[in-house]
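Asker: Numbered according to my numbering, the sequence shown spans residues 7 to 114.
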Amino acid sequence: MAQSDRREARVRVKGQLIKRHEALMAREARIRTEVLDAAAALLTRDRAVLEAEARLGQAIEALTSSEGMPIDEAAELCGLHVREAKRVLRMRVSDPSQQEFAEEGANS
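(1) Using only the alpha-carbon positions, how far apart do P76 and S100 sit?
(2) When the cut-off is 8 angstroms and only beta carbons count, does V41 lie next to chain B?
(3) What does the alpha-carbon distance come out to for the pair A80 and V41?
(4) In the DSSP assignment, the alpha helix (DSSP H) including E40 goes from what residue to what residue?
(5) Can you have a look at G63 and say buried or exposed, based on whether 16 or more other CB atoms are within 10 angstroms of its CB?
(6) Excluding the 5 residues preceding and the 5 following N113 in the sequence, name in chain order all residues of the same chain whose CB lies nearer than 8 angstroms to its CB.
(7) In the DSSP assignment, the alpha helix (DSSP H) including M75 goes from what residue to what residue?
Put into structure tokens, the structure is as follows:
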């Protein structure tokens, strides 16, 4: 094999490796974009769930404290299991910052 053949082969291989590297980098960029979009969607969903649960907790608390309704009756009227209604009320009591967060979201 002549020296020029080896040089030409080296140039070809280097070109192929560069193309392969560029394709891998482009794929990695596409994956990164999709993962970021998915993470943003999850955060948006989580925020919406927290806001909805805070509003639900307010409504159940109003039914049980202001109206004097038993928790099981309030849960049934709202289409919830008693366990879920109690969980939402516990969240409301245990994390007042989430309540403020939900109220801010509802007012905007």
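Just so you know, even glycine gets a beta-carbon here, dropped at the ideal spot from N, CA and C. Bear in mind that the values here come from a model prediction, so they are computed numbers and not experimental data.
Answerer: On the basis of the data shown:
(1) 20 angstroms
(2) Reference to chain B is not applicable here, since this structure consists of a single protein chain.
(3) 40 angstroms
(4) Q9 to E67
(5) buried
(6) Confidence is the limiting factor: at N113 the pLDDT is only 49, short of 50, which leaves the residue's position unreliable, though a coordinate-based value still follows. Closer than 8 angstroms at Cβ, skipping near neighbours: no residue.
(7) Segment: none, M75 is in no alpha helix (DSSP H) and carries neither H nor E.
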